[in-house]
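Here the protein sequences line up with chains Y and R, keeping their order. Numbering (the numbering used here) for the first sequence: 1 to 124. Numbering (the numbering used here) for the second sequence: 125 to 752. Report on the structure given below.
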Amino acid sequence: MAKILIIDDDDVREMLRELLERKNYEVDVASNGLEGVDLYRQDPTDLVITDIIMPEKDGVDTIYELGKEFPLLKVIAISGGGRGNANDYLESTKMLSSVKYSFTKPFATEDILKAVNELLAITD
Amino acid sequence: MKYYSIKTKGIRLQTKIFFTISALIVVSMGATSYFLLNNIRKNMVDSFRDRGLLLATEFAKKIAEGILIEDLQFLKNSADKLKTYPDVGYLNVYGELNTNLVKRIFIAGTFENNKTLKSLPSSTSITSLLREKKRKFPVLEILTPITYENETIGAVQLGMSLDRIDKEIMNRTKSSVFLVTVFILLSLMISYFLSLSITQPINSLVSSVKMISAGKLSHIVESTDKNELGELADSINKMTADLRNTTVSINILKKEQQRFRDVAESSGDWIWEVDSEGRYVYSNHTVENILGYKSEDILGKFFYDFYPLNEQEAIKNIIFEAFDNKNEVKDLINFGVKKDGNIINIITAGVPILDNEGNMIGYRGVNRDITKNIQAANEKENLQSQLLQSQKMESIGTMASGIAHNFNNILASIRGYTEMALEDTDKNSRTYSDLQKVIKGVISAQKLAQQMLIYSRTYKDESRNIAISPVIKEVLSMFKASVKGSIEIREQIENNCGYVLADSNQIQHVILNICTNSVHSIDKPNGFIEISLSRLYIDTDMSPKHANLHEGEYIKISVKDNGHGIDKDTLNRVFEPFFTTKEIGKGTGLGLSMVHGIIKGYGGAITVESEVGKGTTFTIYLPRTKTI
Numbered sequence: 001m002a003k004i005l006i007i008d009d010d011d012v013r014e015m016l017r018e019l020l021e022r023k024n025y026e027v028d029v030a031s032n033g034l035e036g037v038d039l040y041r042q043d044p045t046d047l048v049i050t051d052i053i054m055p056e057k058d059g060v061d062t063i064y065e066l067g068k069e070f071p072l073l074k075v076i077a078i079s080g081g082g083r084g085n086a087n088d089y090l091e092s093t094k095m096l097s098s099v100k101y102s103f104t105k106p107f108a109t110e111d112i113l114k115a116v117n118e119l120l121a122i123t124d
Numbered sequence: 125m126k127y128y129s130i131k132t133k134g135i136r137l138q139t140k141i142f143f144t145i146s147a148l149i150v151v152s153m154g155a156t157s158y159f160l161l162n163n164i165r166k167n168m169v170d171s172f173r174d175r176g177l178l179l180a181t182e183f184a185k186k187i188a189e190g191i192l193i194e195d196l197q198f199l200k201n202s203a204d205k206l207k208t209y210p211d212v213g214y215l216n217v218y219g220e221l222n223t224n225l226v227k228r229i230f231i232a233g234t235f236e237n238n239k240t241l242k243s244l245p246s247s248t249s250i251t252s253l254l255r256e257k258k259r260k261f262p263v264l265e266i267l268t269p270i271t272y273e274n275e276t277i278g279a280v281q282l283g284m285s286l287d288r289i290d291k292e293i294m295n296r297t298k299s300s301v302f303l304v305t306v307f308i309l310l311s312l313m314i315s316y317f318l319s320l321s322i323t324q325p326i327n328s329l330v331s332s333v334k335m336i337s338a339g340k341l342s343h344i345v346e347s348t349d350k351n352e353l354g355e356l357a358d359s360i361n362k363m364t365a366d367l368r369n370t371t372v373s374i375n376i377l378k379k380e381q382q383r384f385r386d387v388a389e390s391s392g393d394w395i396w397e398v399d400s401e402g403r404y405v406y407s408n409h410t411v412e413n414i415l416g417y418k419s420e421d422i423l424g425k426f427f428y429d430f431y432p433l434n435e436q437e438a439i440k441n442i443i444f445e446a447f448d449n450k451n452e453v454k455d456l457i458n459f460g461v462k463k464d465g466n467i468i469n470i471i472t473a474g475v476p477i478l479d480n481e482g483n484m485i486g487y488r489g490v491n492r493d494i495t496k497n498i499q500a501a502n503e504k505e506n507l508q509s510q511l512l513q514s515q516k517m518e519s520i521g522t523m524a525s526g527i528a529h530n531f532n533n534i535l536a537s538i539r540g541y542t543e544m545a546l547e548d549t550d551k552n553s554r555t556y557s558d559l560q561k562v563i564k565g566v567i568s569a570q571k572l573a574q575q576m577l578i579y580s581r582t583y584k585d586e587s588r589n590i591a592i593s594p595v596i597k598e599v600l601s602m603f604k605a606s607v608k609g610s611i612e613i614r615e616q617i618e619n620n621c622g623y624v625l626a627d628s629n630q631i632q633h634v635i636l637n638i639c640t641n642s643v644h645s646i647d648k649p650n651g652f653i654e655i656s657l658s659r660l661y662i663d664t665d666m667s668p669k670h671a672n673l674h675e676g677e678y679i680k681i682s683v684k685d686n687g688h689g690i691d692k693d694t695l696n697r698v699f700e701p702f703f704t705t706k707e708i709g710k711g712t713g714l715g716l717s718m719v720h721g722i723i724k725g726y727g728g729a730i731t732v733e734s735e736v737g738k739g740t741t742f743t744i745y746l747p748r749t750k751t752i
């Protein structure tokens, strides 16, 4: 069973965990980038879904750092916008090869699942 | 300066004194001599008379018998004898030839024969001086009767010659004339030196005073005299000293006056003085720069004559109160009416002028034209309020973006959980449709959050060079389709207005937003909305009116309606986020704040003008891109 790491600092993290567990994915969660990077190193997952604006270490740094260490990393970036140039951040993550999809909160669960299924199906 | 002449009129003082004294001496000497000689003569005549009388009466007595007996020889001898007496000029003896005839006269004299007397004298008579024609000398004639036994029998007529007296007098006159002449000459010399001694110090005083009056105030009049002239010299010296001091004071005053005048005339301020009734008695020339009147034009006029009519009472109250209380006036901001009728702002400072008794006799002060300062202050205030406004909008924007971020996170959870719940629910159940409504709510909430982000300019726009005319035309066709037929849509769209760097969707969003507001404002028939698009060049002079745009090429989009208009208070707040005049639930209040955020993001500006009951005009300025 494919395993997914969700990095987000708010309630969306728990909602996504339930959504993905319902679809029988194995889910790891971290509440910020620092925690997320540690967890991924200990146990690399098949997919990372990460928020962009986060305390300790933001999404862009997290993706960049993991992307360097793990070239095969696959990421879906999500962001709630706001706070300065958050959308620019989200936009800039598109430049990173590991980011396969990006969504603006609030997204339709359907879209996320579609992306997750697509990304994990390829590896399978 | 006026010099007083000390010269006497015409004749010099010295000459005058000399001639006066000389004349006096001549007249007095002449008169004295005359009276003296006259007196001598009179005395001599008197002694002649006495002698003549004696001779005549004695002779009359001696010859009485001869008359009686008519002894002519005796008479003749007696007469010849008498004639030898000194000073006897002539002698006539009268007598009766016949006893009954008076006029028969014996002529015993040597001079005349056959002279007759009308009657014989009863007593001796002396005739005054006779000047006989034949003789050149005066004669004193004495007629005395010849009596015999108390009967007049004849008369003796004796003429005493006064020749000797005249000669004597003549001699005396000659000597006295000589003496008088000598005396007069001496006197003249004395009077000359006397007049000289009087006038010399006076002359020296005169020349000193002339020097002083010619301006040589350091000159000191020297006089060793202890008389009136000495006192006069002292007085002159004292006066000169006073004059010196006064002149120094006057020179200092003159310098002060000149300094004051220079300062007053070079001042950029209007310096003035009024009398106790408020009439100008002095004004420097700066008034011409400030009011346009020449300083001489305002003299005699009242200060309030140069005030706007509706301000005159107020300024009179203020100024006359200061007059009455002898108060100073400081930083009084007031008005002035220029010659051309324009009203300017003036700041006034003034002080009362008091006489020695402390009475108010006038007021003087300074006026400064502060019209430009006030305009600048107003502009500064406007700029500050604009700055404040934009700062306020930005902070609200920052807050809005923060809210939007959290809002989106919350919405993401709600949506996610709701969608999961929907999955678990029977599609025909009420719960399913209720949950669907939750999703709808989330979506509209999401739109609101998006609008908030647009406002805060964090919404990512797809700006590129777009041709503005087609974009506006497209949105108008869309808009017209949505507007009910009762509102007339007028278009004044210039083709080829050029390009702007913008997101066409956002531009359309902006136009729709404003147009929709216009539709909502039209609450009467015959409503119209006029949309125009044109090019515009904004220079720095126009810029303040256009919300501080830089100089350059712009496109101008305006949306004008004849709706109910916006009142002034509301007008100031229309671009604030969450400010709405619509009923709760009908508007988010984000529309115009978003519009403002979008336009500002493009480096443009949006302004609004409105009049209640007449309508509103929104005008958008967007910088035109130089290249396509």
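Beta carbons: idealized from backbone N, C-alpha and C, even for Gly.
THR542 (chain R) versus ASN533 (chain R) - alpha carbon distance: The sequence position of residue 542 (chain R) within the second sequence is 418, counting from 1. The sequence position of residue 533 (chain R) within the second sequence is 409, counting from 1. Rounded to whole angstroms, THR542 (chain R) to ASN533 (chain R) spans 14 Å at the Cα level.
Closest residue to SER97 (chain Y) among Y:ARG41, Y:GLU65 and Y:LYS105 (Cα-Cα distance): As a working note, residue 97 (chain Y) is residue 97 in the first sequence. Of the candidates Y:ARG41, Y:GLU65 and Y:LYS105, the one whose C-alpha sits nearest the C-alpha of SER97 (chain Y) is Y:GLU65.
PHE427 (chain R) versus HIS674 (chain R): straight-line alpha-carbon distance, rounded: Indexing the second sequence from 1 puts residue 427 (chain R) at position 303. Indexing the second sequence from 1 puts residue 674 (chain R) at position 550. Using only the alpha carbons, I get a separation of about 45 Å.
Selection of the stretch 617–631 of chain R by Cβ proximity to chain Y, strictly under 7 Å: none
LYS597 (chain R) vs ILE617 (chain R) beta-carbon contact at 8 Å: Here residue 597 (chain R) is taken as the residue at index 473 of the second sequence, counted from 1. Here residue 617 (chain R) is taken as the residue at index 493 of the second sequence, counted from 1. Taking 8 Å as the Cβ cut-off, LYS597 (chain R) and ILE617 (chain R) qualify as a contacting pair.
is_contact[GLU18 (chain Y), chain R] using C-beta, thresh 8 Å: If you number the first sequence from 1, residue 18 (chain Y) lands on position 18. Yes - at least one Cβ of chain R is within 8 Å of the one on GLU18 (chain Y).
is_contact[SER568 (chain R), chain Y] using C-beta, thresh 8 Å: As a first step, residue 568 (chain R) must be located in the second sequence, where it is residue number 444. By this cut-off, SER568 (chain R) is not an interface position.
C-beta atoms of PHE699 (chain R) and SER682 (chain R) nearer than 8 Å: Taking the second sequence and counting its residues from 1, the one referred to as residue 699 (chain R) is at position 575. Taking the second sequence and counting its residues from 1, the one referred to as residue 682 (chain R) is at position 558. No, the Cβ-Cβ distance between PHE699 (chain R) and SER682 (chain R) is not below 8 Å.
C-beta atoms of LEU456 (chain R) and VAL624 (chain R) nearer than 8 Å: Translated into the one-based positions of the second sequence, residue 456 (chain R) becomes position 332. Translated into the one-based positions of the second sequence, residue 624 (chain R) becomes position 500. Their beta carbons are not under 8 Å apart, which means LEU456 (chain R) does not touch VAL624 (chain R) by this criterion.
Min CB distance HIS529 (chain R) to chain Y below 8 Å: The residue you call residue 529 (chain R) lines up with position 405 of the second sequence. It does; some Cβ of chain Y falls within 8 Å.
Identified DSSP bridge partners for LYS3 (chain Y): Taking the first sequence and counting its residues from 1, one reaches residue 3 (chain Y) at position 3. DSSP output for LYS3 (chain Y) lists Y:GLU26 as bridge partner(s).
Nearest-angstrom Cα separation, counted from VAL345 (chain R) out to PRO325 (chain R): For the purposes of this step, residue 325 (chain R) is taken as the residue at position 201 of the second sequence. For the purposes of this step, residue 345 (chain R) is taken as the residue at position 221 of the second sequence. Their Cα atoms are separated by approximately 10 Å.
Span separating the alpha-carbon of ALA591 (chain R) from that of LEU657 (chain R): The count along the second sequence starts at 1 and reaches residue 591 (chain R) at position 467. The count along the second sequence starts at 1 and reaches residue 657 (chain R) at position 533. Spanning the two alpha carbons is a distance of roughly 12 Å.
Minimum Cβ-Cβ distance from SER537 (chain R) to chain Y less than 8 Å: One-based indexing of the second sequence puts residue 537 (chain R) at position 413. Yes, SER537 (chain R) lies at the interface with chain Y (some Cβ there is under 8 Å from its Cβ).
Partner residues on chain Y for MET544 (chain R), Cβ-Cβ distance less than 9 Å: Residue mapping note: residue 544 (chain R) aligns to position 420 of the second sequence, counting from 1. Within chain Y, the residues near MET544 (chain R) are MET15, GLU18, LEU19, ARG22 and THR109.
8 Å Cβ cutoff, LYS68 (chain Y) in contact with chain A: Absence of chain A from the displayed structure is noted, the protein chains being Y and R.
Integer-rounded CB distance, given that ALA188 (chain R) should sit under 8 Å from THR271 (chain R): Residue 271 (chain R) sits at position 147 when you count from the first residue of the second sequence. Residue 188 (chain R) sits at position 64 when you count from the first residue of the second sequence. Taking a contact as a CB-CB distance under 8 Å, the pair THR271 (chain R) and ALA188 (chain R) counts as one, their CB atoms being some 7 Å apart.
Length of the line joining the Cα atoms of GLY219 (chain R) and MET284 (chain R): The residue labelled residue 219 (chain R) in the question sits at position 95 within the second sequence. The residue labelled residue 284 (chain R) in the question sits at position 160 within the second sequence. Going by the C-alpha atoms only, they are around 21 Å apart.
Chain-order list of residues whose beta-carbon lies under 7 Å from that of LEU415 (chain R) (same chain, five-residue window excluded): Working through the second sequence from its first residue, we reach residue 415 (chain R) at position 291. The answer, listed in chain order, is PHE430, GLY460, LYS462 and LYS463.
Interface flag, LYS105 (chain Y) vs chain R, CB-CB below 8 Å: Taking the first residue of the first sequence as 1, we reach residue 105 (chain Y) at position 105. At least one chain R Cβ lies under 8 Å of LYS105 (chain Y).
Distance, LEU39 (chain Y) Cα to ILE53 (chain Y) Cα: Indexing the first sequence from 1 puts residue 53 (chain Y) at position 53. Indexing the first sequence from 1 puts residue 39 (chain Y) at position 39. When rounded, the distance between both Cα atoms is 19 Å.
Nearest-angstrom Cα separation, counted from ILE112 (chain Y) out to MET544 (chain R): Here residue 544 (chain R) is taken as the residue at index 420 of the second sequence, counted from 1. Here residue 112 (chain Y) is taken as the residue at index 112 of the first sequence, counted from 1. In a straight line, the C-alpha of MET544 (chain R) is about 13 Å away from that of ILE112 (chain Y).
Top-ranked residue by Cα proximity to ALA528 (chain R), from R:THR371, R:GLN570 and R:ASP558: Taking the second sequence and counting its residues from 1, one reaches residue 528 (chain R) at position 404. For ALA528 (chain R), the nearest C-alpha among the options comes from R:GLN570.
Rounded Cβ spacing between SER373 (chain R) and ALA357 (chain R) (contact assumed at less than 8 Å): Reading the second sequence from its first residue, position 249 is the one you call residue 373 (chain R). Reading the second sequence from its first residue, position 233 is the one you call residue 357 (chain R). Not a contact, Cβ separation roughly 24 Å.
Neighbourhood of GLY727 (chain R) by C-beta, 7 Å cutoff - its chain only, sequence neighbours within 5 removed: Residue numbering aside, residue 727 (chain R) sits at position 603 when the second sequence is read from its first letter. Here the set comprises PRO747.
Element boundaries [alpha helix (DSSP H), containing ILE723 (chain R)]: The residue labelled residue 723 (chain R) in the question sits at position 599 within the second sequence. First-last of the alpha helix (DSSP H) with ILE723 (chain R): 715–725.
Expected contact under 8 Å - CB spacing of LYS425 (chain R) and ARG403 (chain R) to nearest Å: One-based indexing of the second sequence puts residue 425 (chain R) at position 301. One-based indexing of the second sequence puts residue 403 (chain R) at position 279. With 8 Å as the limit, LYS425 (chain R) and ARG403 (chain R) qualify as a contact, their Cβ atoms being about 7 Å apart.
Element boundaries [beta strand (DSSP E), containing LYS680 (chain R)]: Working through the second sequence from its first residue, we reach residue 680 (chain R) at position 556. LYS680 (chain R) -> beta strand (DSSP E) spans 676–685.
Paired residues, beta bridge with TYR487 (chain R) - DSSP: For the purposes of this step, residue 487 (chain R) is identified with residue 363 of the second sequence, where counting begins at 1. Beta-bridge pairing links TYR487 (chain R) to R:VAL398 and R:PRO476.
Straight-line gap, GLN508 (chain R) to ARG697 (chain R) (C-alpha atoms, nearest Å): One-based indexing of the second sequence puts residue 508 (chain R) at position 384. One-based indexing of the second sequence puts residue 697 (chain R) at position 573. The straight-line gap from Cα to Cα measures roughly 16 Å.
DSSP three-state assignment for TYR404 (chain R), whether helix, strand or coil: In the second sequence, counting from the first residue as 1, residue 404 (chain R) sits at position 280. When DSSP states are grouped into helix, strand and coil, TYR404 (chain R) belongs to the strand group.
Three-state class that DSSP yields for ASN466 (chain R) in the structure shown: Working through the second sequence from its first residue, we reach residue 466 (chain R) at position 342. Note: ASN466 (chain R) maps to coil in three-state DSSP.
Residue interval of the alpha helix (DSSP H) (run including MET313 (chain R)): Walking along the second sequence from the start, residue 313 (chain R) turns up at place 189. Unbroken alpha helix (DSSP H) run through MET313 (chain R): 287–337.
Interface positions of the stretch 35–57 of chain Y facing chain R (Cβ-Cβ less than 9 Å), listed along the chain: ASP51 and ILE53
Sheet register partners of SER734 (chain R) (DSSP bridge): Translated into the one-based positions of the second sequence, residue 734 (chain R) becomes position 610. Looking at the DSSP assignment, SER734 (chain R) forms a beta bridge with R:THR740.
Residue from R:LYS450, R:THR323 and R:ASN458 with nearest C-alpha to GLU437 (chain R): On the second sequence, residue 437 (chain R) is found 313 positions in, with the first residue counted as 1. Measuring from the Cα of GLU437 (chain R), the nearest candidate turns out to be R:ASN458.
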